[in-house]
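There are 6 protein chains.
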Amino acid sequence: MPPALATPAAELAPIPWEPAPDGCDQVVWRHSGNPVVGAWNVPGGLGIFNSAVVRFGSKFAGIFRVEKKRRFPKLHAGFSDNGLDWQIEPEPIEFATDVEPRPLNEYAYDPRVCLLDGSFYLTWCAGHNGPTIGVAYTSDFQTYHRIENSFLPFNRNGVLFPRKIDGYYWMLSRPSDDGHTPFGDIYISRSPDLVHWGGHQLVMKRGGLDQGVWWQLTKIGAGPTPIETPLGWLILYHGVMDTCKGFEYSMGAAILDLEKPWIVRYRKTDLLLAPEAEYEVTGHVDNVVFPCAALHDEQLGRLAIYYGAADTTTCVAYAELDPLLDSIVNDSIVF
Amino acid sequence: MPPALATPAAELAPIPWEPAPDGCDQVVWRHSGNPVVGAWNVPGGLGIFNSAVVRFGSKFAGIFRVEKKRRFPKLHAGFSDNGLDWQIEPEPIEFATDVEPRPLNEYAYDPRVCLLDGSFYLTWCAGHNGPTIGVAYTSDFQTYHRIENSFLPFNRNGVLFPRKIDGYYWMLSRPSDDGHTPFGDIYISRSPDLVHWGGHQLVMKRGGLDQGVWWQLTKIGAGPTPIETPLGWLILYHGVMDTCKGFEYSMGAAILDLEKPWIVRYRKTDLLLAPEAEYEVTGHVDNVVFPCAALHDEQLGRLAIYYGAADTTTCVAYAELDPLLDSIVNDSIVF
Amino acid sequence: MPPALATPAAELAPIPWEPAPDGCDQVVWRHSGNPVVGAWNVPGGLGIFNSAVVRFGSKFAGIFRVEKKRRFPKLHAGFSDNGLDWQIEPEPIEFATDVEPRPLNEYAYDPRVCLLDGSFYLTWCAGHNGPTIGVAYTSDFQTYHRIENSFLPFNRNGVLFPRKIDGYYWMLSRPSDDGHTPFGDIYISRSPDLVHWGGHQLVMKRGGLDQGVWWQLTKIGAGPTPIETPLGWLILYHGVMDTCKGFEYSMGAAILDLEKPWIVRYRKTDLLLAPEAEYEVTGHVDNVVFPCAALHDEQLGRLAIYYGAADTTTCVAYAELDPLLDSIVNDSIVF
Amino acid sequence: MPPALATPAAELAPIPWEPAPDGCDQVVWRHSGNPVVGAWNVPGGLGIFNSAVVRFGSKFAGIFRVEKKRRFPKLHAGFSDNGLDWQIEPEPIEFATDVEPRPLNEYAYDPRVCLLDGSFYLTWCAGHNGPTIGVAYTSDFQTYHRIENSFLPFNRNGVLFPRKIDGYYWMLSRPSDDGHTPFGDIYISRSPDLVHWGGHQLVMKRGGLDQGVWWQLTKIGAGPTPIETPLGWLILYHGVMDTCKGFEYSMGAAILDLEKPWIVRYRKTDLLLAPEAEYEVTGHVDNVVFPCAALHDEQLGRLAIYYGAADTTTCVAYAELDPLLDSIVNDSIVF
Amino acid sequence: MPPALATPAAELAPIPWEPAPDGCDQVVWRHSGNPVVGAWNVPGGLGIFNSAVVRFGSKFAGIFRVEKKRRFPKLHAGFSDNGLDWQIEPEPIEFATDVEPRPLNEYAYDPRVCLLDGSFYLTWCAGHNGPTIGVAYTSDFQTYHRIENSFLPFNRNGVLFPRKIDGYYWMLSRPSDDGHTPFGDIYISRSPDLVHWGGHQLVMKRGGLDQGVWWQLTKIGAGPTPIETPLGWLILYHGVMDTCKGFEYSMGAAILDLEKPWIVRYRKTDLLLAPEAEYEVTGHVDNVVFPCAALHDEQLGRLAIYYGAADTTTCVAYAELDPLLDSIVNDSIVF
Amino acid sequence: MPPALATPAAELAPIPWEPAPDGCDQVVWRHSGNPVVGAWNVPGGLGIFNSAVVRFGSKFAGIFRVEKKRRFPKLHAGFSDNGLDWQIEPEPIEFATDVEPRPLNEYAYDPRVCLLDGSFYLTWCAGHNGPTIGVAYTSDFQTYHRIENSFLPFNRNGVLFPRKIDGYYWMLSRPSDDGHTPFGDIYISRSPDLVHWGGHQLVMKRGGLDQGVWWQLTKIGAGPTPIETPLGWLILYHGVMDTCKGFEYSMGAAILDLEKPWIVRYRKTDLLLAPEAEYEVTGHVDNVVFPCAALHDEQLGRLAIYYGAADTTTCVAYAELDPLLDSIVNDSIVF
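Residue numbers (my numbering), protein chains in the order written: chain Z, 3 to 337; chain W, 3 to 337; chain S, 3 to 337; chain L, 3 to 337; chain B, 3 to 337; chain P, 3 to 337.
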């Protein structure tokens with residue numbers, strides 16, 4: 003079941019970038035043209051959000067959560083020359099598969115995309131009598147091969163690592179229950195073949211009550227593909243607190259050990275980005291910042307982070323890698 | 003107990019109208035001057051919403067849900083020359099009644115109005131040790147005669163049909179429980195006299211999970227008085243989905259059999275209008291579109307739909323009947 | 003739809019009887035041979051409980067809630083010479099009906115039987131996309147004619163009065179929600195034809211907190227057919243309190259006005275019978291005493307009360323009418 | 003444990019003021035420059051709200067609820083020359099204390115400040131294995147002495163009276179449970195020494211269902227320090243109703259007996275201020291108006307009320323005392 | 003408000019006693035004649051349980067939770083010559099009081115009795131718009147003087163220490179919420195006068211998950227008056243775990259510091275007594291062992307422990323003090 | 003990681019047996035000496051239940067869920083000559099393991115044992131920040147080697163098949179949430195190595211509402227190791243319904259396809275055994291019948307089924323295979 007090799011990314015596109023606004027004392031800042039993708043990008047759309055993009059040769063490709071007027075989430079492909087202006091396919095992805103006999107015409111949401119072994123792997127929240135992690139691969143964003151779901155229900159936010167570690171593939175995920183899950187921690191699992199998974203470990207728990215950290219008390223879930231750095235795997239994740247108006251989603255960061263990725267080396271106590279912009283505090287679901295992808299320019303040390311806003315639009319934020327890593331190391335409590 | 007005949011509506015007022023904006027590919031579009039009624043229409047008002055209007059001779063009359071600073075909902079009469087500029091009575095309707103010994107000085111909300119047998123019948127959510135359907139009639143919008151509540155608690159969204167079918171009066175309603183009801187389907191009941199009701203039938207269930215329809219998973223309730231068309235009774239209704247921020251109300255449509263109105267002929271899978279405008283996504287209760295009335299110009303084939311926005315204001319949307327019917331028939335799954 | 007006249011009950015069977023045990027200072031006491039009906043009365047039975055019996059000529063007939071190994075409740079007929087030894091039909095009742103198009107092959111439980119206009123009317127909790135009150139009649143306990151359900155869901159414990167009052171038929175019932183209902187009060191409704199119901203009134207609320215009465219704080223529901231007495235309609239009912247182990251069902255009593263049965267004349271504050279016997283405190287559902295029928299010997303002033311015990315068996319208790327009425331009048335708080 | 007005497011407030015600063023806007027028919031109106039304090043007042047801030055200010059000699063001082071990027075609430079001091087432009091200390095208050103052995107490095111939110119016996123007393127929601135009322139005093143807003151918590155958990159919204167009554171100190175509070183409390187009433191307690199509390203009484207219950215008052219059905223809690231008037235103690239308080247989107251907080255008013263402050267003399271049925279401004283209906287927690295302080299100019303009969311908006315910013319509203327008192331007396335139902 | 007001195011207990015009655023049965027390897031064992039008090043001890047009784055007894059001169063007196071047929075709990079006095087055969091007063095205690103204006107005719111349950119300063123102090127769960135701790139004293143078990151409730155609602159299981167410590171009176175209690183409280187820990191408070199309480203401290207939390215102790219995961223509450231021993235204050239308490247059938251109550255033990263009673267010196271991990279006897283596993287509330295009093299023969303080193311069984315009867319268990327203390331010290335984890 | 007080969011079971015012990023009692027018309031009947039194992043089998047025991055046994059050479063071995071006075075469940079080994087009289091080890095099993103770095107000193111309950119590839123494999127509900135499926139193997143019931151947990155939390159009732167199918171190992175399990183899970187269906191997963199699991203499929207859903215089957219509406223979970231028969235894999239499982247007193251557990255049966263075990267061939271609608279015996283309807287958790295093992299005498303066609311009763315004891319029931327299979331096939335609805 004090994005996927006075909008993708009064309010080597012010889013001349014990668016330059017990632018989107020804006021310097022920090024004057025006077026900004028934060029390590030993450032918003033793109034001035036937010037939101038960059040929204041309902042207007044497809045006919046009959048109600049929202050496009052919680053979506054993942056990658057550099058695809060000299061351009062960009064992405065997998066988008068699209069909701070039309072049935073409010074039924076599906077995955078659509080999209081393409082862009084500059085990472086900011088996107089053409090979204092009006093119809094959802096059709097997956098080819100040998101997997102039997104599972105019904106495949108189900109809801110699909112909150113995708114991630116990971117370049118792994120030369121193919122682009124999609125992971126998402128797939129319906130299988132309850133949510134679990136769907137997996138598929140593509141080399142061209144035209145045809146998609148779906149393989150087995152990774153876990154039993156009930157699971158969401160499955161995020162692959164971009165290379166093998168210790169001879170295994172690895173995935174972060176967040177097991178929980180059905181519905182608007184009121185709890186959830188980040189686990190890691192390993193696989194010899196991307197189909198059979200085991201060696202499950204708890205990585206990070208929600209919480210922080212004893213440490214004076216309230217923004218991630220309710221649940222946490224991994225976001226973009228982990229980014230390899232000298233300090234370890236940088237992960238951006240969402241943390242949720244429960245207000246008397248429901249859940250608020252913010253973005254945080256941590257660093258996992260490079261060789262033993264179930265060990266948290268640093269965990270930033272401050273959140274990185276809270277819902278404050280108008281497009282984050284109003285919409286289909288108020289007060290949601292939900293990161294799903296990050297483009298990394300290794301030479302310039304820049305990150306362009308893609309996040310869903312208010313379950314309505316897709317937005318971009320920027321960071322420089324070194325100040326971001328410093329801010330994690332210097333503000334870290336591992337709990 | 004038959005109500006007195008109303009003056010025949012010889013020269014009806016022309017209903018409000020705006021053509022679809024350029025480039026609009028939707029069958030329902032918003033009035034550019036929304037909201038048309040709000041807190042400012044009565045002294046000390048906090049909101050006027052979820053209200054019903056009718057053509058009343060050469061003018062318009064309506065029954066409005068008004069909330070003042072006790073947040074206690076009451077029904078107020080209102081009048082308009084053009085259907086858009088309204089004078090709302092500052093004090094609530096006083097009902098005359100022979101019904102005994104029920105306390106009648108209770109909350110009253112979410113009215114509908116139906117011209118039936120020459121009188122205007124009001125139905126609304128009435129307090130009777132729990133919500134149920136109150137009924138009253140008027141011929142002049144000055145004096146109102148209240149008759150028996152139609153059902154036992156717990157019931158809401160009672161909507162009368164505008165004529166007898168098979169010798170009976172018919173009403174749609176949504177039995178459920180007390181509180182912020184987390185479930186509810188549309189039923190139909192018949193009556194020989196508008197007082198005694200029986201022959202209850204389930205018409206439409208909430209749901210759509212298996213059909214890829216998520217916007218009405220939690221509950222549904224009828225909206226305007228059904229509109230008779232060659233295809234059947236057109237009903238506009240609200241569908242509710244549960245987000246992690248609470249309920250979101252959108253508007254949908256279906257067509258019931260003309261002679262056997264408990265049979266759904268067509269049920270549009272796409273919603274017609276989701277909360278997207280600023281006055282729909284913020285207010286007393288965010289993300290609510292709640293239709294309660296529709297004016298029908300039979301000659302021009304036009305509809306002016308009145309809906310509550312965010313439990314704060316009253317708004318108008320427009321549709322042309324034929325394209326609307328087409329869009330229901332062509333996008334129908336009866337489940 | 004009027005049912006055929008039943009054979010006049012010329013020589014009625016003597017009802018079961020045991021005098022109060024020595025030293026008993028209670029107005030209601032248990033039959034020494036309890037339980038009188040149980041799982042052993044049908045092949046493959048798990049329980050027979052919450053059932054109703056009547057005098058049927060010189061013998062006795064009854065409608066029994068039977069649960070076999072699917073735990074799916076159905077109504078079975080039963081017959082007895084003495085009211086204590088019963089032959090229960092092994093198969094459930096099949097109803098003939100003209101009612102359309104409602105599915106009739108549903109669950110059926112907690113029956114009551116009422117001799118009314120010369121026919122025996124059955125009412126029970128019928129499944130109709132949620133529980134409601136099913137109605138049928140028989141003159142011979144061989145064939146049964148089912149008519150329309152009386153109410154919209156969600157309703158249980160429908161109990162008919164044994165004669166017309168003020169030209170109408172009357173029924174007590176307990177509207178509530180779906181599931182293990184955590185609340186419920188007794189209402190009354192009237193009907194000209196046993197099909198169309200209106201004029202709904204609240205009769206008795208659960209509660210008693212302010213009166214120092216805790217056994218009926220959670221919900222109440224009518225039991226046997228009301229018994230006409232000079233003081234009014236005697237009703238026996240179940241009251242439920244919520245313990246940290248779930249609901250406990252006890253038996254209480256009240257007296258309604260003869261001509262205006264929505265008026266409570268007396269309401270006994272003490273319960274009449276709490277679960278204390280071994281067959282009441284253990285079984286399928288612990289701590290349940292659930293009265294459904296009472297045989298009344300008018301000449302001797304005796305009552306034989308049939309109640310379900312622990313959702314497992316059917317039991318009998320006795321009372322003398324006059325002391326029972328006295329105990330209600332002398333221990334009454336109407337709340 | 004009596005605190006040191008504060009410097010007498012010889013020349014008090016004039017309180018902020020704006021007359022009512024033209025055409026305003028309300029007794030309370032918003033400051034035109036709202037919000038006056040917010041996240042921008044401290045580095046790394048996410049919100050500053052639900053805060054209390056006092057006149058402090060010729061200037062103003064305040065205790066502010068500040069949330070930074072851990073979303074962990076702390077109390078910060080702030081100072082202002084005019085009551086509208088504020089300098090907020092970037093670091094939280096450190097309390098000196100002899101109290102042992104309780105951990106004092108906990109969350110702290112929703113402060114009130116009361117000038118009592120010549121010192122400024124702070125009360126707030128303090129973490130003590132659940133929320134309870136923390137108490138401290140200061141004379142200079144530089145050093146703070148913390149004394150014993152007043153009550154067992156679970157309690158919030160502790161508000162001191164500004165003088166002894168009948169030889170005792172008195173405090174309003176709202177006992178309830180942990181979490182997003184779904185119920186709560188206002189109680190009063192007395193103390194000989196500000197440490198030991200007893201004589202607890204219920205003052206005001208949430209509710210109003212029977213009186214047609216819905217805005218305070220879920221819970222209520224005292225706001226600013228009670229203001230002594232000839233009619234009694236004026237209290238402003240928050241009332242909460244539960245919508246299908248969660249809790250909405252509005253401001254109301256009542257008057258307590260001067261000598262027996264557990265007796266409610268008047269209770270205004272209309273709310274005084276509902277969330278309607280843009281900064282009240284969007285933010286971290288939508289639809290919150292939460293009063294915590296009121297400056298009273300006794301000579302001019304003016305009030306400047308400080309309230310938190312949407313758990314995000316601090317705002318000001320104005321009232322003239324006499325019309326406010328009149329509106330309470332004339333619109334009062336004591337329930 | 004100091005209560006009158008009681009007659010010195012010159013010749014105390016010998017406490018009930020049975021040696022451990024042959025082969026018993028437990029430190030606590032049941033009385034062979036259990037239950038010793040039950041419904042039969044009062045006319046019309048349904049249960050007598052969760053009650054407290056003391057040595058009263060040469061006899062025994064007790065305060066009993068009695069439920070009659072209203073299921074409304076009240077406190078009744080009782081007397082015994084040998085501590086096993088009891089005469090229970092048929093009517094509840096009437097309290098004299100100067101406390102105003104609190105309604106005193108409320109529910110009352112789960113009493114404790116403590117000989118303190120020569121008077122017998124009763125504490126119990128008193129209704130005051132929610133449960134809280136009622137306090138009264140008597141010297142003769144004939145007249146009872148009620149003083150102020152100790153705390154705000156919501157509180158239960160108030161247990162006084164039998165002497166002053168460090169010049170103060172001390173009480174254990176369990177603050178929680180209303181209803182069938184799903185959580186609760188033991189706190190301690192101090193008072194100079196038994197009316198005003200402060201200095202609140204957490205003593206022991208429920209739990210034990212990390213220690214492999216499941217029987218007290220849900221809530222805990224103090225039982226008998228603490229017993230002074232050389233090792234510290236011996237407290238017996240109930241611990242509750244939540245099964246899929248509701249709460250199960252068992253008995254456990256701990257030892258508090260003599261001078262600083264908020265410090266737990268030892269806490270036995272094993273429970274002492276779980277519901278296993280037939281009278282403990284069936285009844286009004288299954289699976290409840292609820293200790294409320296312990297008689298201590300200091301010369302013989304014996305304890306007779308009184309506990310409620312299944313919210314139905316009162317039972318006795320025995321222990322020898324030294325083996326009991328040893329078993330606590332040797333099986334202790336303080337968490 | 004392949005386990006060492008077990009000694010071939012040359013001379014297997016005869017399984018326990020009693021013929022059906024006279025007049026029994028059921029296919030499963032109880033052992034007359036029930037319960038066979040209980041608290042008395044270990045010092046300080048409170049219960050031994052939900053346990054699994056196997057034939058072990060000429061004797062029997064078992065893995066038992068033991069709860070002592072901490073109510074913390076652990077697995078203990080036990081041995082028996084005849085399968086009815088058991089010696090239970092007083093201390094829990096210590097597992098050797100190479101798995102890192104997971105804490106292994108956690109709760110362990112509801113074991114199953116499966117002879118597979120010549121070793122005995124234990125599966126059980128293991129604590130891993132939430133319940134999941136622990137796996138270990140032994141060849142001698144003296145030393146136990148623990149391998150990786152099979153799945154992410156939250157999972158229970160993991161049951162291995164006794165041989166490979168299509169080259170894979172297979173396991174049934176019941177994913178759900180934490181706590182007293184209110185829902186749960188049976189899934190199947192496959193593995194190449196007993197460590198990495200994939201190919202997850204839904205096998206059987208709880209339910210039966212539409213089929214008139216109520217005893218398994220809430221959740222279901224596999225019980226003994228599947229038994230290979232000519233008709234397919236016979237599985238015995240528990241089904242749970244929710245009463246107003248909590249969950250009731252009964253035993254049911256189904257037959258899965260031999261080659262494609264995710265396909266249900268037959269599913270018996272009647273339950274096989276409901277809680278009716280005294281030791282099933284009272285105890286730590288009332289009304290529980292929970293099968294965990296079945297001994298199969300292939301030559302005589304007999305089954306001895308081991309099940310937990312009331313979360314207190316371990317009991318035995320008997321069946322003959324052919325009548326049992328017939329009763330499944332003849333009473334089957336696959337839903």
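C-beta atoms are modelled at their ideal positions from N, C-alpha and C, and glycine is treated no differently. Treat the numbers as computed from the prediction; the structure is a model and nothing was measured.
Check the Cα spacing between GLY64 of chain B and each of B:SER334, B:PHE153 and B:VAL38: the tightest is with B:VAL38.
Put simply, the backbone Cα of LEU77 of chain P is about 5 Å away from that of PRO94 of chain P. The C-beta distance from ILE188 of chain W to PRO263 of chain W rounds to 11 Å, too long to fall under 8 Å, and the pair is not in contact. In chain order, PHE156, PRO177, SER178 and ASP179 make up the part of chain W whose C-beta sits under 9 Å from the C-beta of PHE156 of chain S. Of all residues in the region 261-274 of chain S, only THR271, ASP272 and LEU273 come within less than 7 Å of chain B when Cβ atoms are compared, listed by chain position. Cβ-Cβ distances below 7 Å link LEU211 of chain L to LEU219 in the same chain, with the five nearest sequence neighbours on each side left out; the list follows chain order.
Taking all protein chains shown into account, ALA98 of chain Z has fewer than 16 neighbouring C-beta atoms within 10 Å of its C-beta and is therefore exposed. In this chain, the beta strand (DSSP E) harbouring ILE307 of chain B covers 304-311. Contact between GLY248 of chain Z and GLY248 of chain W holds: their C-beta atoms lie close to 6 Å from each other, under 8 Å.
Using a Cβ distance threshold of 8 Å, LEU327 of chain Z and LEU238 of chain Z do not count as a contacting pair. For VAL287 of chain S, the C-beta contacts it makes with chain P under 9 Å involve THR245, CYS246, LYS247, GLU250 and ASN289, in order along the chain.
Here the alpha carbons of THR315 of chain Z and VAL318 of chain W stand approximately 26 Å from one another.
Cβ atoms of PHE143 of chain B and ASP180 of chain B stay farther apart than 8 Å, at about 31 Å.
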